[in-house]
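Undergrad: Heads up: the protein sequence lines correspond to chains A and B, in order.
Last residue of the first sequence? That's 401 in the numbering used here, and every number before it is there in order.
Last residue of the second sequence? That's 1401 in the numbering used here, and every number before it is there in order.
Glycine is no exception: its CB is placed at the ideal position from the N, C-alpha and C atoms.
As the structure is a prediction and not an experimental result, all values here were calculated from the model.
Dropping the structure in here first, questions after.
Number of protein chains: 2
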Amino acid sequence: MAKIVILGGDGFCGWPTSLYLSKQGHDVIIVDNLSRREIDLELEVDSLTPIQPIGTRLETWKQKTGNTIRFENITVGKEYERLLKLLSDERPDTIIHFAEQRAAPYSMKSPTHKRYTVDNNLNSTHDVLAAMVELNLDAHLIHLGTMGVYGYGTAGMQIPEGYLDIKVDVNGTLHDQQVLYPVNPGSVYHLTKTQDQLFFQFYNKNDQVRVTDLHQGIVWGTQTPETELDEKLINRFDYDGDYGTVLNRFLMQSAVEHPLTVHGTGGQTRAFIHITDTCKCIELAVNNPPAKGERVHILNQMTETHRVRDLAKIISDLTGAEIAFVKNPRNEANENDLHVCNDNFLGLGLEPVTLSQGLLKEVTEISTRYAHRSDGSKIPCISLWTNGSDVESEEVIADAA
Amino acid sequence: MAKIVILGGDGFCGWPTSLYLSKQGHDVIIVDNLSRREIDLELEVDSLTPIQPIGTRLETWKQKTGNTIRFENITVGKEYERLLKLLSDERPDTIIHFAEQRAAPYSMKSPTHKRYTVDNNLNSTHDVLAAMVELNLDAHLIHLGTMGVYGYGTAGMQIPEGYLDIKVDVNGTLHDQQVLYPVNPGSVYHLTKTQDQLFFQFYNKNDQVRVTDLHQGIVWGTQTPETELDEKLINRFDYDGDYGTVLNRFLMQSAVEHPLTVHGTGGQTRAFIHITDTCKCIELAVNNPPAKGERVHILNQMTETHRVRDLAKIISDLTGAEIAFVKNPRNEANENDLHVCNDNFLGLGLEPVTLSQGLLKEVTEISTRYAHRSDGSKIPCISLWTNGSDVESEEVIADAA
């Protein structure tokens, strides 16, 4: 079993991943500065589900399973010496890096939020890489990226797993070359993930750092078998305009009998994955590291695609909620196809949880059950993509990756 | 005439550009935190030429020409509010951005230097863009990038001006698409320039910021007609292992009768431009901004290419210096071709200063004249590209861009 440091292990993806890997017998150490909880305070919102302080979470996990997960409060990207000491003392086999600001609308709220996202995300990724090189630490770095690096304007194209084969003219002869797939990010958040890719490419080439970059779709679902063991282990459920993903926001709207607000035509296609599959994909990545000297592994971490208006229809059929079409605050095409290659994870044995299997449980066990904890004023979103937009107060579709 | 803010206007390229544009009648404001001078203190080196404090420089310029250049000491990338206030008060037509750490060897010296380069360069570029958007300031942003973003491993290829035409398979049909030319940076410094390109692509697309990104070669030469007006206006000449470019280091070695140290076979081909042509290219960019909504202009700012061993030969022939071949501390191919497209600047009327025209003047008026100010111990370089390298103390070839 491996020793695994999980940066950002208190967050929506990090927490269930930490529990899942601990349950598999790995020695898990969470590093987190609790910034996601601080952002709740700033935005004056709270998880719909009653998440517990990290100490309570870890103590409950110990009581339920006998497993110890250690915790270090370190701001990755700022407290380099503390990160270095931890990695030097522990010398983990694997480092999983969730320690980035992960909401596209939040990254576009204001110049302050743009600057925070850039400063936090880029310095955190770079500090991890610089520390690994400084320590000669041959750990496997697993990073959570997003399929959104490619933008959603690539109508009809199949999104490949990270690389593009091109032909280059060398003195009149065409030569085959493989390059990072061209990017077209749609927010400052997505932009930082495209810049992360360049960090990985460089440190992989220059120092042979072994990296897997998981390009995740929108994560849906709240609970995993591990977080369900006790209510004190419950995972976050975000429904506000900045951090709530499209599916959570539809679920919340239907629970409080608000119409499901679809942006534009709702013709935007998005890729989805259930939170339990996120955990399983990360385990597959842990168990299948690149060899020393091998280029960065880039895998698409998603299991199905849906158009936003079709999602609204599914939830409307399930709950009886109405659907309202509103203006789109994003600077994006209204309609797009999305064909995604996820052969790598399927080849490694992933058996996905589908929306049709899991959605009813979300309605009954999460959005309806905890609806009394919701704040109706937090459903609209006021983050606008450009200064010139005339949209004043509407929701947006957030990425969970 | 334009109002022009020059970020990093006290540096090696920024200072002569500021004078040149002031002489053309533009209203020039220099913003600089004097970090380049601080790095001299850190490295315990000094410009071979006796550069004056910025106040003396500006007062001398005023005396000689009657032109006023204003100066603001602001750390771009950290002091956002002060940058914002300046741009809000002045609303310049053009912003020229030199405010980045620009030496590849310095960026690889230690984890601290890697982290400084990433933090400084990325936050400075992003702060300028965020401020322009916040202020609805439709200025033309001119950035100094480097041709080194592509790496030097692309044997035989012609380096294009920023973009690559590719064919993309959309549902079985090949479609033409133009993407940023794939990058392959060779140092953390070069890496940050590849990440800057993504900032520009995003803010150009999302907010229609007008950007010209100048991919510069290695700048040589010290003086311009403006800096020659008075010794108090003299430009920097760096010869240390971190900031000295290959040509300056050969000049300095010959002046102190040290052999010219060539790395590996010296078969690396590099692109060069004289400092007076840097100024002229920037003027051409100032006068030819992209239209609103037009994509980022990317231009190669270089005028000739040479193999390093051929450069050594030219200087050896001129000065009688010996040539010594030493191990290469860089993680790079020993031999490479370099074919560069610079049609854009030639089309705009650039008439380059060639090495054969200007080199003798460098020998007589700079390296020989000021040789008594040199510190022989600063010629070797100790920045190694990877932990595993067995090179202990040798020089490297720095970029001046």
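(1) Which residues of chain B have a Cβ atom closer than 7 Å to the Cβ of E81 of chain A, listed in chain order?
(2) Just the Cα atoms here: how many angstroms apart are D1138 of chain B and N1204 of chain B?
(3) For the ligand FMN, any of its heavy atoms closer than 8 Å to the Cβ of I1095 of chain B?
(4) Do L141 of chain A and V403 of chain A come within 9 Å of each other at the CB atom, strictly closer than that value?
(5) Could you check where the beta strand (DSSP E) with Q1177 of chain B kicks off and where it finishes?
(6) Could you compute how far the alpha carbon of I1004 of chain B sits from the alpha carbon of L1019 of chain B?
(7) Are the beta-carbon atoms belonging to E1365 of chain B and G1267 of chain B less than 9 Å from one another?
(8) Counting pairs of Cβ atoms below 8 Å between the segment 285-297 of chain A and the segment 206-224 of chain A, do you hit three or more?
(9) Check the C-beta distance from D1027 of chain B over to D1010 of chain B and give it rounded, since I have them as a contact under 8 Å.
(10) So, helix, strand or coil for G347 of chain A, using DSSP?
(11) Roughly how far, in whole angstroms, is the beta-carbon of I1273 of chain B from the beta-carbon of M1302 of chain B, given that I think they are within contact range, below 8 Å?
(12) Are the beta-carbon atoms belonging to S1088 of chain B and V1188 of chain B less than 9 Å from one another?
(13) Can you give me the C-alpha to C-alpha distance between K361 of chain A and T278 of chain A, rounded to a whole angstrom?
(14) Please classify G1066 of chain B: is it buried, with 16 or more other beta-carbons within 10 angstroms of its beta-carbon, or exposed?
(15) Count the other CB atoms within 10 Å of the CB of H143 of chain A; is the residue buried (16 or more) or exposed (fewer)?
(16) At which residues does the beta strand (DSSP E) containing E1304 of chain B begin and terminate?
(17) Does the CB of A1139 of chain B have a neighbour CB from chain A at under 9 Å?
(18) Quick check on this structure: which residue in B:I1006, B:R1309, B:T1265 and B:S1316 has the alpha carbon closest to the alpha carbon of V1256 of chain B?
(19) Using a C-beta to C-beta distance shorter than 9 Å, which residues of chain B count as neighbours of R115 of chain A?
(20) Please return the same chain residues whose Cβ sits closer than 8 Å to the Cβ of E294 of chain A, not counting the five positions on each side in sequence.
(21) Assuming the contact rule is C-beta atoms closer than 8 Å, I1096 of chain B and I1282 of chain B should be a hit. Round their C-beta distance to whole Å, please.
(22) For R1082 of chain B, which residues from the same chain have a beta carbon less than 6 Å from its beta carbon, with the 5 sequence-adjacent residues on both sides left out?
(23) My understanding is that V1076 of chain B touches D1040 of chain B, with C-beta atoms under 8 Å, so please give their C-beta distance in whole angstroms.
(24) Leaving out five residues before and five after T305 of chain A in sequence, what residues of the same chain have Cβ atoms less than 6 Å from its Cβ?
(25) Could you tell me whether the Cβ atoms of K193 of chain A and P185 of chain A are closer together than 9 Å?
(26) Secondary structure at V1219 of chain B, three-state DSSP: helix, strand or coil?
(27) Which chain B residues sit within Cβ distance under 9 Å of V183 of chain A?
(28) Which chain D residues sit within Cβ distance under 7 Å of D119 of chain A?
(29) Taking the alpha carbon of T1261 of chain B as the reference point, which residue from B:S1110, B:S1035 and B:I1379 has its own alpha carbon closest?
(30) For V286 of chain A, which of A:S35, A:R307, A:T94 and A:L7 has the nearest alpha-carbon?
(31) I need the straight-line Cα distance from G1264 of chain B to R1309 of chain B, nearest angstrom please.
(32) I'd like to know if D169 of chain A contacts chain B, where contact means its C-beta is closer than 9 Å to some C-beta of that chain.
(33) Are the beta-carbon atoms of I298 of chain A and F12 of chain A separated by less than 9 Å?
(34) Roughly how many whole angstroms lie between the Cα atoms of L180 of chain A and P1105 of chain B?
(35) Scan the segment 1323-1340 of chain B for residues whose Cβ lies nearer than 8 Å to a Cβ of chain A and list them as they occur along the chain.
(36) Can you tell me whether V1391 of chain B is helix, strand or coil according to DSSP?
TA: Reading from the atomic positions:
(1) None at all; the shortest Cβ gap to chain B is about 10 Å.
(2) 11 Å
(3) With respect to small molecules bound, the structure shown includes none, and the ligand FMN cannot be examined in it.
(4) Residue 403 of chain A cannot be examined here, being either before or after the span of chain A that is shown, 1 to 401.
(5) T1173 to L1180
(6) 12 Å
(7) no
(8) yes
(9) That belief does not hold up - the Cβ atoms of D1027 of chain B and D1010 of chain B are roughly 18 Å apart, past 8 Å.
(10) helix
(11) 5 Å
(12) no
(13) 18 Å
(14) exposed
(15) buried
(16) E1304 to R1307
(17) no
(18) B:S1316
(19) Y1080, N1123, H1126, D1127 and A1130
(20) R210
(21) 6 Å
(22) I1074
(23) About 19 Å; that fails the 8 Å criterion.
(24) T269, A271 and L338
(25) yes
(26) strand
(27) V1179, L1180, L1198 and Q1201
(28) The structure shown has no chain D; the protein chains it does contain are A and B.
(29) B:I1379
(30) A:T94
(31) 10 Å
(32) yes
(33) no
(34) 26 Å
(35) N1331
(36) The predicted model places V1391 of chain B with a pLDDT of 37, which falls under 50 and marks its position as unreliable; any figure quoted below should be read in that light. If DSSP states are grouped into helix, strand and coil, V1391 of chain B belongs with coil.
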